[in-house]
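Residue numbers (the working numbering): -17 to 477.
Glycine included, each C-beta is placed from N, C-alpha and C at the ideal position.
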């Protein structure tokens, strides 16, 4: 693997995510306004429940797909992994779907959440199966390093969801209509994904018996451990919404969810890097090439840190303008939890590449311990702060839990004997942030409305870039390399 292959994968994934983000920027406020704060709060609660279930159902399958499809272990290897994981994915999806249907049928959804939630849980039963297989085919494409196919699927999925969800919400179908939008988009993605895979995998191998020498136990163990890791990791941004359910109104949950959606835009690039690295460093772990892993880790951490800090400063400077403009004045209260969430969200973003690199190894016990500690801290803080401070308490607890993640990832890396951070670069990045931060925040405070949106991003970005070059946090040679790669990628797209 070369720097170029990693950057190419990141650019491919990032390009898809940018389009998805733009679709989300257009559709999310429309959905939020059509549902109202109460309906959007109910939708947030449903997604939080489904998100935790999805972790148990599909996180291990997704991780195994990315890690094991990229390893070369014989001519039949890809077909064998495809068939084995397809069957395991189906079993988990059917169990999850049956659990949601039973929760609705026996009246538990109505008892714990309200009468409207009965139909929502029936829809979740269908959504579980549809999402499982749509996610599986996309992760297989990523595991085969076919990001040129996997990333357009994310765009198609988000676009289909936006069109169907907005249309059904507009015609009065509410939260149920939005959930139907999710289901329709997943079915479409599964169908198109199979079409992309037809020349790379023998699709009929799902009906073949697994060979005796196939490492089924290894895959199942990795699947289980990955599920635990992702459960701990994802609980960081699901537990708060679920715990708020018993202490604040649906309207307040909707306001908090609005803040979460905005700060999570900071994860756009780090997620792209994390997913690209999982399949790209698997071979390095296979051959114990720790020096190469260290080089990839320090480089990824350096640039993710720079971009994330810049975006966090920009969002903080523009929060008072962006929130009411994006969601409407009904959501103006989201500014305070947003500002509280920003430091921790940025820290978690910086830790994501290390999370992906460590997860690509088959040594997941240290990662389980690290994410378990972080999740436990987050749970305790939410339990202490939410009853007294509501959504602001949830934001404070979550930002502290998020901030613990990069620290635990560094400890994990040391345990596995690779270098996660170049500390000289870290000092330079800190210096850039300390000088540029006050200037960008001051600039945002001096301007109002649309003028601030037009001035702060370009001027603040230019100030940050110049200081990064001056302090040596962003070497000129690396700037040329990134620009050349982006130019090459864009050129290929139009050939």
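| Item | Value |
| --- | --- |
| Top-ranked residue by Cα proximity to residue 213, from 437, 323, 351, 195 | 351 |
| From 418, 427, 412, 454, residue whose alpha carbon lies closest to that of residue 444 | 418 |
| Cβ-based burial, residue 164 [other Cβ within 10 Å; buried from 16] | buried |
| Buried versus exposed call for residue 22 [16 or more other C-beta atoms within 10 Å across all chains shown] | buried |
| Residue 211 beta carbon less than 8 Å from that of residue 381 | no |
| 8 Å contact criterion, which residue 392 and residue 455 should meet: CB distance rounded | With 8 Å as the limit, residue 392 and residue 455 do not qualify as a contact, their Cβ atoms being about 19 Å apart. |
| Simplified DSSP state of residue 173, which is helix, strand or coil | helix |
| Cβ neighbour criterion (16 or more within 10 Å) applied to residue 36 | buried |
| Host alpha helix (DSSP H) of residue 399 (start-end) | Residue 399 -> no alpha helix (DSSP H), and no H or E assigned at all. |
| As assigned by DSSP and simplified to three states, the class of residue 207 | helix |
| Whole-number beta carbon distance between residue 47 and residue 125, since they are thought to touch under 8 Å | 5 Å |
| Sufficient close CB pairs (3 or more, under 8 Å) joining the region 99 to 115 to the region 125 to 134 | no |
| Alpha helix (DSSP H) segment containing residue 280, residue limits | 272 to 309 |
| Where the alpha helix (DSSP H) through residue 233 begins and ends | 232 to 245 |
| Beta-carbon gap between residue 269 and residue 275 smaller than 8 Å | no |
| Residue 217 versus residue 369 - alpha carbon distance | 19 Å |
| Neighbourhood of residue 286 by C-beta distance below 8 Å, restricted to the same chain and skipping five residues each side | 251, 252, 255, 331, 332, 334, 335 |
| Simplified DSSP assignment, three categories, for residue 424 | helix |
| Alpha carbon of residue -15 to alpha carbon of residue 45, nearest angstrom | Caution is warranted here: a pLDDT of 48 is assigned to residue -15, below 50, making its placement in the model unreliable, and no coordinate value can be reported. |
| Residue 93: first and last residue of the uninterrupted alpha helix (DSSP H) it sits in | 90 to 94 |
| Euclidean distance between Cα positions of residue 222 and residue 388 | 20 Å |
| Contact check, residue 429 vs residue 442, beta carbons under 8 Å | no |
| Beta-carbon proximity list for residue 271, same chain, < 7 Å, skipping 5 on both sides | none |
| Straight-line gap, residue 293 to residue 322 (C-alpha atoms, nearest Å) | 15 Å |
| Among 38, 100, 27, nearest to residue 227 - alpha-carbon criterion | 27 |
| First through last residue of the alpha helix (DSSP H) which encompasses residue 225 | 221 to 226 |
| Beta-carbon gap between residue 114 and residue 86 smaller than 8 Å | no |
| Under 8 Å between C-beta atoms of residue 244 and residue 307 | no |
| Simplified DSSP state of residue 455, which is helix, strand or coil | coil |
| Sequence-distant residues of its chain with Cβ nearer than 6 Å to residue 71 (five each side left out) | 43, 114, 118 |
| Contained alpha helix (DSSP H) runs [length at least 4] in the region 131 to 201, N- to C-terminal order | 156 to 179 |
| Whole-angstrom distance between residue 230 and residue 196, CA atom to CA atom | 51 Å |
| First and last residue of the uninterrupted alpha helix (DSSP H) at residue 82 | 59 to 87 |
| Residue 280 vs residue 401 beta-carbon contact at 8 Å | yes |
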